[in-house]
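Take a look at the structure below.
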Amino acid sequence: MTAFTTRRTTARARTAAVAAIAVAGALILTGCGDQTKDDGAKSSGGASDSSAPLASKLPAEIRSAGVIKVGSDIAYAPVEFKDASGKVVGLDPDLAAAMGKQLGVKFEFENGTFDALLTGIRSKRYDISMSAMTDNKNRQDGVDPDTGKKVGEGVDFVDYLTAGVSIYTRKGDTESITTWADLCGKKLAVERGTVSEDLAKAEAKKCPSGKKLTIEAFDDDQQSQTRLRAGGVDAASSDFPVAAYAVKTSGAGKDFELVGEQVEAAPYGIAVSKENTQLRDAIQAAMNAVIKSGEYKKILTKWGAEEGAVTESVVNGGK
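Position 55 (the sequence shown) corresponds to 61 in this note's numbering; numbering is contiguous.
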């Protein structure tokens, strides 16, 4: 779910991140959620509490309700997913809980398909979306990346992490894939609405005649992994933290392997309606407080994402 910039990450950094993810992955099982809100899909940041250090920054109606409703694709381990008991866990829920302590509210996660999350903000089903979502200009401006046409009013992003895109294959069956250009003539699984899909479409246009890149897009990353595991495609692509987690945990590390380097590193952002600047600024202040306190670093290390750490949360930093 990441996006377009120019940064590459070295193999050494990639290996270190994979090793860190293995620690978390050994303890937790992934699970797919449904499309409905449930009691298990909640991350508590503390009950509504006006004595919390940043509570006064919230809009009055949210402060009164004591809840921020979060739209999320809860099948994207290790960023957000359900454990064996059905509880929502991962990097995003932990950061949300930490921000909740600063704001005196609960962040309540509700599951939805990734490509419908911004629509959920427009319809006011969610107050925000926190779902490994890349902050980029198309999403800020409400522009369809395929057509270049405006399809909505766009959203603002509160940035909190940097991540790139990776390709992975069945273990021992790489099909000589090391770069995106090597996907020509192959079949690739991606999650619908993600930048992995955008990159695949862009690459497909470059493929020579007779070497078509076939793209299979699914509602969630778990379905992409299942398709690859079954041999229905040659490779899959997702954000590096997610791909690395799948490589370390699927089949106890026997199913998949990363190929090539992660590319196109860009910021993850928490999406907020452009009309709700007070909520946006409150969340930014809370994220910066979590960063400053040191809790941010602990959470990223727990989930093997410390490579993507930022020193400050900014608004709309994506290009």
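Every residue gets a Cβ at the ideal spot worked out from N, C-alpha and C, and that includes glycine.
Please read all numbers here as calculations on a predicted model, not as lab measurements.
Rounded straight-line distance, which links the Cα of residue j to that of residue i
i: isoleucine 221; j: alanine 250; result: 21 Å
i: isoleucine 80; j: serine 215; result: 39 Å
i: lysine 280; j: asparagine 142; result: 15 Å
i: aspartate 287; j: glutamate 116; result: 22 Å
i: aspartate 165; j: leucine 285; result: 14 Å
i: tyrosine 132; j: leucine 194; result: 31 Å
i: threonine 125; j: aspartate 162; result: 14 Å
i: glutamine 229; j: glycine 199; result: 14 Å
i: proline 151; j: asparagine 294; result: 30 Å
i: serine 91; j: alanine 292; result: 29 Å
i: glycine 275; j: alanine 258; result: 31 Å
i: threonine 11; j: glutamate 263; result: The predicted position of threonine 11 is uncertain, since its pLDDT is 35 and thus under 50; no value can be drawn from it.
i: threonine 307; j: glutamine 231; result: 25 Å
i: glutamate 312; j: valine 196; result: 25 Å
i: asparagine 322; j: proline 84; result: 24 Å
i: alanine 102; j: lysine 217; result: 44 Å
i: serine 299; j: glutamine 290; result: 14 Å
i: methionine 139; j: arginine 128; result: 16 Å
i: glutamate 318; j: aspartate 89; result: 30 Å
i: aspartate 225; j: glycine 237; result: 18 Å
i: glycine 51; j: serine 172; result: The predicted position of glycine 51 is uncertain, since its pLDDT is 46 and thus under 50; no value can be drawn from it.
i: alanine 187; j: lysine 211; result: 11 Å
i: glycine 328; j: glutamine 146; result: This structure cannot speak to residue 328, because the chain is shown only from 7 to 325.
i: aspartate 98; j: tryptophan 309; result: 10 Å
i: glycine 324; j: lysine 192; result: 31 Å
i: alanine 208; j: isoleucine 297; result: 35 Å
i: lysine 260; j: arginine 235; result: 10 Å
i: alanine 53; j: glycine 96; result: Unreliable placement is indicated for alanine 53, whose pLDDT of 46 sits below 50; the coordinate value is still reported in the next sentence. Approximately 21 Å, taken between the alpha carbons.
For residue i, the residue or residues it bridges with in DSSP
i: arginine 176; result: Asp179 and Phe262
i: alanine 277; result: Ser135 and Phe163
i: valine 269; result: Val171
Any C-beta of chain C under 8 Å from that of residue i
i: valine 239; result: Given the protein chain composition of this structure (a single chain), no chain C is represented.
Residue range of the beta strand (DSSP E) that includes residue i
i: asparagine 117; result: 112-117
i: glycine 237; result: That residue, glycine 237, is in no beta strand (DSSP E); it is neither H nor E in DSSP.
i: alanine 3; result: What is shown of the chain runs 7 to 325, which leaves residue 3 out entirely.
i: alanine 223; result: 220-224
Boundaries (first-last residue) of the alpha helix (DSSP H) holding residue i
i: valine 253; result: 246-255
i: threonine 307; result: 301-308
i: serine 202; result: 201-212
i: isoleucine 127; result: 123-128
i: alanine 71; result: 66-71
i: alanine 58; result: Taken as a continuous stretch (DSSP letters only), alanine 58 belongs to no alpha helix (DSSP H), as it is neither H nor E.
i: proline 99; result: 97-109
i: aspartate 147; result: 143-147
CB of residue i within 8 Å of CB of residue j, strictly
i: serine 135; j: glycine 77; result: yes
i: threonine 119; j: alanine 271; result: no
i: alanine 303; j: alanine 315; result: Position check: residue 303 holds lysine in this sequence, whereas alanine was assumed. Their beta carbons are under 8 Å apart, which means lysine 303 touches alanine 315 by this criterion.
i: glutamine 268; j: glycine 148; result: no
i: threonine 185; j: glycine 266; result: yes
i: lysine 75; j: glutamate 114; result: yes
i: leucine 205; j: alanine 241; result: no
heavy atom of the ligand FAD below 7 Å from residue i C-beta
i: threonine 180; result: Absent from the structure shown: the ligand FAD. Ligands present: none.
The segment 172-181 contacting the segment 252-267, beta-carbon criterion three pairs below 8 Å: At 8 Å Cβ cutoff, the stretches touch.
Spell out a yes or no on whether the segment 56-72 and the segment 94-109 are touching, meaning 3 or more CB-CB pairs, one atom from each, closer than 8 Å. Proximity of the segment 56-72 to the segment 94-109 meets the contact definition, three or more beta-carbon pairs being nearer than 8 Å.
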